[in-house]
Amino acid sequence: MSPSPQAGRQGGCVEFLQWALPKLGYQWTGFRRVHRQVCKRIGRRLRELHLGDLTDYCRHLEAEPSEWRVLDGFCWIPISRFGRDREIFECLGREVLPHLAQAAVTRGAASIEAWSVGCARGEEVYTLNAVWRFMVAPAWPQLSIAILGTDIDGEQLDRAQSGLFKGSSLAELPPSWREAMFARTDVEYRIRPAFCSNVRFQQQDIREVEPPTTFELILCRNLVLTYFEQDLQCQTLKRLVSHLRQDGAFVIGAREALPPIELGLVPWGTAQGIYRRVA
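Under the numbering used here, residues 64 to 342 are what the sequence shown spells out, in order.
Right under this line is the structure:
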């Protein structure tokens, strides 16, 4: 391993990331919008280690291989808010979840299992729960939904479990949903207990482990297909889909695209980013 020769120059953090990210299984293109946050974290790390610049940090990585794990942790930048990509959630409530509910009733199941991969602070988990309660549950009172949120970042999961959110993250929710879902505190909003009872969170690195469960719905948005390099994308997606029930739904980001590999997924109608698992 040799240090990036430009690492100490102005703007060198970008070149450093272009050198380091592939070694961690990431692709630089996914980090263009968030690289400043990553660079700030690296800068703090340099000060902690009393290193002069990124060239010194490259040498430190070579001398201390365990530091790569630290650097890897700096690369997980959560960008989330309630109701992000509203069209996807509208389609889930209007078409996908009713279909899954009917299939569950037909086979005699009492609940639907859903998994949010890379859930960060939990906005996606709680939004999905709201979609179920407001749009689906009234027509299927005999059914419930159980939602698992997993993420590598324990601090983000602590935040998710606390149920406290800034008002800015709620801006895309319908006003009636906001009022029903949250109680106002002095400076933040707290999710009401009714929206937490069927939700659980677990710390996991999706590159290494996944839940030993089969799900009717898996959401993997703006993570694997945005940040992972192609080989890691393919390996991870195959493992994720193996946990999806036949005829279940797999959701990616509205601006993401599946790689050209056989996953047994077909588009769910015309909905952007939603797929059905077929035999």
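Don't be surprised by glycine CBs; every beta carbon is placed ideally from N, CA and C.
- prompt: Among the residues of its own chain, which have a CB less than 7 Å from the CB of Ala342, if the five just before and after it don't count?
  reply: Closer than 7 Å at the Cβ level, and outside the excluded window around Ala342, lie Gln309.
query: How many angstroms separate the CA atom of Thr92 from the CA atom of Gln296?
result: One C-alpha to the other measures close to 14 Å.
- request: Go to Arg308, then tell me how far its beta strand (DSSP E) extends in each direction, as first and last residue.
  value: Unbroken beta strand (DSSP E) run through Arg308: Leu307 to Val314.
field: Beta-carbon spacing of Gln219, Ala164 below 8 Å
entry: For the 8 Å CB-CB criterion, Gln219 and Ala164 do not form a contact.
- prompt: If we count the other Cβ atoms within 10 Å of its Cβ and call it buried at 16 or more, is Ile337 buried or exposed?
  reply: It is buried - the Cβ of Ile337 has at least 16 other Cβ atoms within 10 Å.
query: For the segment 254-322, which segments carrying the beta strand (DSSP E) assignment without a break, of at least 3 residues, lie completely within its bounds, in sequence order?
result: Along the length of the segment 254-322, whole beta strand (DSSP E) runs at least 3 residues long occupy 262-266, 278-282 and 307-314, reported in chain order.
task: Give the DSSP-derived three-state secondary structure of Gly336 in the structure shown.
output: Gly336: coil per DSSP, three-state reduction.
- prompt: Quick one: complete alpha helix (DSSP H) runs, 4+ long, within the segment 145-180?
  reply: Correct list: 149-154 and 160-169.
task: Assign Asp214 to buried or exposed, taking buried as 16 or more other Cβ atoms, counted over all protein chains shown, within 10 Å of its Cβ.
output: Around the beta carbon of Asp214, a 10 Å sphere encloses 16 or more other beta carbons of the protein chains shown; the residue is thus reported as buried.
message: By the three-class DSSP mapping on this structure, what secondary structure does Leu326 have?
response: In the structure shown, Leu326 sits in coil (DSSP, three-state: anything other than H, G, I, E or B).
field: Closest Cα partner of Val168 within the set Arg147, Ile151, Ala200 and Cys154
entry: Looking at the Cα atoms, Ala200 is the closest of the given residues.
Among Leu160, Arg263 and Glu111, nearest to Leu206 - alpha-carbon criterion: The residue with the shortest Cα to Cα distance from Leu206 is Leu160.
query: At what residues does the alpha helix (DSSP H) containing Ser231 begin and finish?
result: Ser231 -> no alpha helix (DSSP H), and no H or E assigned at all.
- request: Let me know the secondary structure DSSP gives Gly75 once reduced to three states.
  value: In this structure, DSSP gives Gly75 a helical state, which the three-state scheme calls helix.
Integer Cβ distance of Leu227 from Arg196, believed to fall under 8 Å: Not quite, the Cβ-Cβ distance comes to about 20 Å (not below 8 Å), so this is no contact.
message: Let's see if you can read the secondary structure: which residues bound the alpha helix (DSSP H) around Phe137?
response: Start and end: Glu130 to Phe137.
task: Please classify Thr213: does DSSP put it in a helix, a strand, or coil?
output: Judged by DSSP in its simplified three-state form, Thr213 adopts strand.
Supposed close pair Gly146, Met198 - CB separation, criterion 8 Å: The beta-carbon distance between Gly146 and Met198, rounded to whole angstroms, is 12 Å. This is too long to meet the 8 Å contact definition.
message: By the three-class DSSP mapping on this structure, what secondary structure does Ser225 have?
response: Here Ser225 carries a helix assignment [DSSP, helix/strand/coil].
task: Tell me whether Ala342 sits in a helix, a strand or coil according to DSSP, three-state version.
output: Correct three-state label for Ala342: coil.
field: Residue of Leu326, Glu271 and Ala317 minimising C-alpha distance to Gly311
entry: Residue Leu326 is the option with its Cα nearest to Gly311.
query: Smallest Cα separation from Gly88: which of Leu112, Asp116, Trp139 and Tyr120?
result: For the residues Leu112, Asp116, Trp139 and Tyr120, the minimum Cα distance to Gly88 belongs to Trp139.
- prompt: Span of the alpha helix (DSSP H) holding Met246?
  reply: Checking the displayed sequence, the identity of residue 246 turns out to be Ala instead of Met. Taken as a continuous stretch (DSSP letters only), Ala246 belongs to no alpha helix (DSSP H), being part of the beta strand (DSSP E) at Phe245 to Arg247.
query: For the segment 263-283 against the segment 232-246, are there 3 or more C-beta pairs whose distance is under 8 Å?
result: The segment 263-283 vs the segment 232-246: no contact.
DSSP three-state assignment for Ile105, whether helix, strand or coil: DSSP, read as helix, strand or coil, puts Ile105 in helix.
message: Assuming Arg340 and Leu328 are in contact, meaning their beta carbons sit under 8 Å apart, how far apart are those beta carbons, in whole angstroms?
response: Between Arg340 and Leu328 a beta carbon distance of about 6 Å is seen, short of the 8 Å cut, so the two are scored as contacting.
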